[in-house]
Amino acid sequence: MSLTIYNTLTRKKEPFTTIEPSKVRMYVCGVTVYDYCHLGHARSYIVWDTVRRYLQWRGYDVRYVQNFTDIDDKIIRRSQEENLPWQDITHKYIDAYLEDLGRLNVKPADAYPKATEVIPQIIDFIKRLIDQGYAYAADGDVYYAVEKFPTYGKLSGRKLDQMEAGASGRVDEEAETKKRHPLDFALWKAAKPGEPEWQSPWGLGRPGWHIECSAMVQELLGDRIDIHTGGEDLVFPHHENEIAQSEAALAKPLATFWMHNGFVKIRGDKMSKSLKNFTTIRSLLENTDAMVVRLFVLQAYYRSPIDFTDEAIAAAENSWKTLEEAVLASAYFKSLPDWSNAQSEALDEESVKRFNEAMDDDFNTPIALSVLFELAKELRRQRNLIVHTGKPDLPTTQIHQKFQTLIELMTTLGLKMLQPSALENAISAEVSLSITDDEIEALIQQRQEARKAKNFAESDRIRNELQEKGITLIDDKGGITRWHRNSEQ
RNA sequence: GGCGGCAUAGCCAAGUGGUAAGGCAAGGGUCUGCAAAACCUUCACCCCCAGUUCGAAUCUGGGUGCCGCCUCCA
């Protein structure tokens with residue numbers, strides 16, 4: 008089976024193809040940097056990061072470019088409000104973006120172009136559109152003439168005459184008078200006094216929002232790319248306009264596959280900055296493990312909406328614990344006599360097969376995760392058997408294989424593997440700091456005597472005392488008490 | 001007004017013609033002084049109505065409800 012991807016452009020799943028064999032050129036629409044990122048952004052970039060990781064795991068050489076929009080009305084407004092140069096605003100929030108998404112284990116892009124770094128390319132692009140008759144200058148602004156592009160609306164499935172201009176109620180009156188058609192959009196905006204400005208053939212001004220992506224894609228990835236992604240709110244107008252710009256100027260399809268992720272909802276509504284109902288990534292991470300957030304996102308299919316609730320996060324927390332415990336179980340597997348002989352790269356083929364089938368079907372992470380949970384539960388079971396009965400009921404080579412597979416698949420989904428060596432250090436530190444084996448044995452002996460005398464208050468006291476020192480006691484049949492040091496911190 | 005999406009157990013969420021994955025939570029049993037683990041076990045008439053079919057959560061038509069987009073937006 009081969010990878011299929013849902014393409015917004017055609018509204019169906021299509022077999023994945025690349026322009027160049029085994030190379031993927033991928034462009035991800037990034038954020039406008041005037042504020043901290045919220046959970047909605049987190050979802051989007053976790054999803055695209057996972058797509059990238061999976062393509063790499065399947066052997067593709069992926070070039071991944073993601074932009075920062077570092078000049079626009081909101082940035083200007085923010086800089087005026089805070090009385091700071093706009094560069095201070097954008098630098099601050101770019102740093103914050105990299106930090107927040109890094110914590111979610113989103114890999115850095117191969118390039119992070121900024122709008123203000125490609126002004127010459129943007130100007131060239133606009134000139135080209137004007138020369139070819141797709142754009143017109145109007146009193147310091149430049150607009151794209153949507154009526155000149157016959158297939159305008161093909162991505163979002165609309166026709167010009169169906170759209171009600173200004174239906175969203177956010178129309179700039181002044182700009183309307185300059186436009187030839189209400190749907191025409193700005194490629195270049197004249198600067199008002201005091202605003203950041205760049206020299207252009209049309210006077211001092213700044214680029215419109217959509218043109219930067221067309222220019223950057225061409226600059227960094229070429230005239231055509233394989234995958235272009237973003238949140239579903241970007242389908243119209245942003246991506247529609249990118250298509251109009253790039254395909255008019257270059258006369259070839261911009262992207263083969265257009266992918267869009269569903270929203271994060273909160274209490275049934277879209278989470279967004281304008282609704283002021285967002286939770287920023289950094290506030291969420293104050294008391295939630297980053298991998299819990301990642302798991303919360305991946306437990307849904309990327310095109311479906313997900314509802315952000317305390318219950319959902321709590322459930323993800325428990326789910327993550329299951330995976331974590333399975334990874335931590337390696338501390339116990341290491342004590343198996345033939346563990347070191349079992350070391351090999353071999354994976355559990357059946358699990359890998361099912362994982363790939365799920366991911367090949369338009370990145371169906373909920374199903375892919377079910378494979379991980381099955382592995383994790385089996386590993387946890389083996390760990391428990393070791394702790395409670397002294398030996399597992401699977402051959403060590405199989406345990407090793409399942410363990411190796413779990414780690415590999417978790418890594419592919421960007422679920423950060425805990426370093427077993429760090430764990431060992433933690434455990435050995437605990438051992439050296441707390442209590443020796445002999446002391447434990449002595450206490451257990453005392454407790455046995457208390458139990459024989461039916462002095463359960465005393466026996467429970469000893470159990471609790473040891474528990475506080477990180478030692479768990481297990482009473483087996485035949486009056487034997489086993490114990491182990493707790494592996495979880 | 002136009003375009004689009006969604007509706008599956010207490011919660012989250014797969015499943016696109018063959019008789020309901022997975023996760024979370026909950027309950028019962030064996031065992032136990034208590035506890036832990038293990039093992040066994042319980043938990044969905046798939047929003048409604050009609051149709052197509054040997055067979056539908058899955059296809060068709062009609063409803064109902066919720067949501068998104070229509071130049072701020074991941």
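Take any residue in the first sequence, count from 1 to its spot, add 7: that is its number in this note's numbering. All C-beta atoms in this analysis are idealised placements derived from N, C-alpha and C, irrespective of residue type, glycine included.
Count the other C-beta atoms from every protein chain shown that fall within 10 angstroms of the C-beta of glycine 109, then say buried if there are 16 or more, exposed otherwise. exposed
Pull up the distance between the alpha-carbon of serine 163 and that of leucine 241, whole angstroms please. One Cα belongs to serine 163, the other to leucine 241, and the distance between them is close to 10 Å.
Should phenylalanine 270 be labelled buried (16 or more other beta-carbon atoms within 10 Å of its own) or exposed? buried
Using three-state DSSP, classify leucine 108 as helix, strand or coil. helix
Which same chain residues end up closer than 6 Å to alanine 365 when comparing Cβ atoms and leaving out the 5 residues on each side of it in sequence? Scanning its chain for C-beta atoms nearer than 6 Å, with the 5 sequence neighbours on each side dropped, one finds around alanine 365 the residues Asn371, Ile374, Ala375, in chain order.
Burial state of glutamine 350, where buried means 16 or more other Cβ atoms lie within 10 Å: exposed
Might you give, ordered along the chain, the residues of its own chain that have their beta carbon closer than 7 Å to the beta carbon of aspartate 56, omitting 5 neighbours on each side? Val113, Lys114, Gly421
Assign glycine 238 to one of three DSSP states: helix, strand, or coil. strand
Going by CA-CA distance only, name the one from Arg60, Ala336, Tyr308 that's closest to glutamate 415. Arg60
What is the residue span of the alpha helix (DSSP H) that aspartate 80 lies within? 80-89
Under 9 Å between C-beta atoms of threonine 316 and serine 358: no
Would you kindly work out how many angstroms separate the C-alpha atoms of glutamate 180 and arginine 135, rounded to a whole number? 28 Å
Which of the three DSSP states, helix, strand or coil, is assigned to lysine 3? In the structure displayed, the chain extends from 8 to 496; residue 3 sits before or after that span and is not available.
Closest Cα partner of isoleucine 232 within the set Leu16, Pro127, Thr25, Lys20: Thr25
Rounded to the nearest angstrom, what separates aspartate 483 and alanine 353 at their Cα positions? 36 Å
Would valine 35 pass as a contact of tyrosine 71 if the rule is Cβ separation under 9 Å? yes
Outcome for leucine 450 when other beta-carbon atoms lying within 10 angstroms are tallied against a minimum of 16: buried
Going by DSSP, what residues sit across from alanine 144 in a beta bridge? Looking at the DSSP output, alanine 144 sits in a beta bridge with Val149.
Sequence-distant residues of the same chain with beta carbon closer than 7 Å to threonine 419, five excluded per side: Arg60, Tyr61, Trp64
By the three-class DSSP mapping on this structure, what secondary structure does valine 35 have? Valine 35: strand per DSSP, three-state reduction.
Can you list the alpha helix (DSSP H) stretches of 4 or more residues lying completely in the segment 45-83, in chain order? 46-64
Secondary structure of isoleucine 133, DSSP reduced to three states: DSSP places isoleucine 133 in helix when its eight states are reduced to three.
Report back the beta-carbon spacing between valine 40 and aspartate 77 to the nearest angstrom; my notes put them in contact at under 8 Å. Indeed they touch by this definition, with Cβ atoms about 6 Å apart.
Based on DSSP bridge pairs, tell me the residues matched to asparagine 268. Beta-bridge annotation (DSSP): asparagine 268 is paired with Gly238.
Stretch-stretch touch, CB-based, cutoff 8 Å, three pairs: the segment 142-149 with the segment 188-208: yes
Rounded to the nearest angstrom, what separates arginine 492 and aspartate 467 at their Cα positions? 18 Å
Just to confirm the assignment, what range does the beta strand (DSSP E) spanning threonine 479 have? 478-482
By Cβ distance, which residues of its chain are closer than 7 Å to valine 58, with the 5 residues on each side in sequence left out? So the qualifying residues of the chain are Phe370.
Own chain residues within Cβ distance below 7 Å of glycine 66, not counting five before or after: Excluding five sequence positions before and after glycine 66, the CB atoms of its chain that fall closer than 7 Å to its own CB belong to Ser29, given in chain order.
Out of curiosity, what's the CA-to-CA distance linking glutamate 456 and valine 334? Distance between the alpha carbons of glutamate 456 and valine 334: 37 Å.
Taking the DSSP output, what are the residues bridged to lysine 277? Lys272
Would you list the residues sitting across from glutamate 21 in a DSSP beta bridge? Ile12
Continuous alpha helix (DSSP H) stretch holding histidine 407: start and end: 403-419
Can you have a look at arginine 85 and say buried or exposed, based on whether 16 or more other CB atoms are within 10 angstroms of its CB? Buried is the call here.
Contact check, methionine 417 vs leucine 330 under 8 Å by CB: the rounded distance? Indeed they touch by this definition, with Cβ atoms about 7 Å apart.
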